[in-house]
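Taking it in order: structure first as structure tokens, then the write-up.
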Amino acid sequence: MLASAILHLVGVTDFELPVAALACAQVVIGATIGCRFANASPRLILRALALSAGATVLMLLSTVMFAWLLSLAGGDRFVAYVLAYSPGGVAEMSLIALSLHVEVPFVVLHHVVRVLTVVAGASIAFRLLKERVR
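For the sequence shown, the working numbering gives the first residue as 16, with consecutive numbering after it.
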């Protein structure tokens, strides 16, 4: 992925995946997630949907707020920042960036930095919380 990003940035290549390949990848990702609920009860599925919807709304609101602030400060496209900081995996955000013609290296770099920052911040927060509880 790093080599591809460098080749795209220096202009050696401008290859884009065909729309059919992107659609197939999205179907595979969706089917994989759906298979995890194969033997679940309807009550469990509804509870998971409700919790997921609430968490998604909160995360997307914070994503949109930060994307708006960064697009004002940095001058980049709002959509690129939304994809870079949206909750989800790097692969999924990369596929969406490809389909929306947003710079994939930009989205991937910001997404990875966001994930590392959250993990490091959570580690520090839990350590401080653990010390406080003692």
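Don't be surprised by glycine CBs; every beta carbon is placed ideally from N, CA and C.
Which of helix, strand or coil does DSSP assign to residue i?
i: V127; result: helix
i: E118; result: coil
i: L32; result: coil
i: T55; result: In the sequence as displayed, the identity of residue 55 is Ala instead of Thr. Reduced to three states, the DSSP call for A55 is coil.
i: V42; result: helix
i: G89; result: helix
i: S67; result: helix
i: G26; result: coil
Check whether the Cβ atoms of residue i and residue j lie closer than 9 Å to each other.
i: V122; j: A112; result: yes
i: L110; j: L17; result: no
i: P120; j: L61; result: no
i: D91; j: L85; result: yes
Tell me, to the nearest whole angstrom, how far the beta carbon of residue i is from that of residue j; I am working on the premise that it is less than 8 Å.
i: E118; j: A95; result: 6 Å
i: T132; j: Y100; result: Contact doesn't hold; Cβ gap of about 10 Å is too wide.
Between the options, which lies nearest to residue i when the distance is taken from Cα to Cα?
i: R129; options: R147, L144, R149 and P102; result: P102
i: C39; options: S114, M74, V127 and A20; result: S114
i: A82; options: T71, L73, L98 and L110; result: L98
i: L124; options: P57, G104, A68 and C50; result: G104
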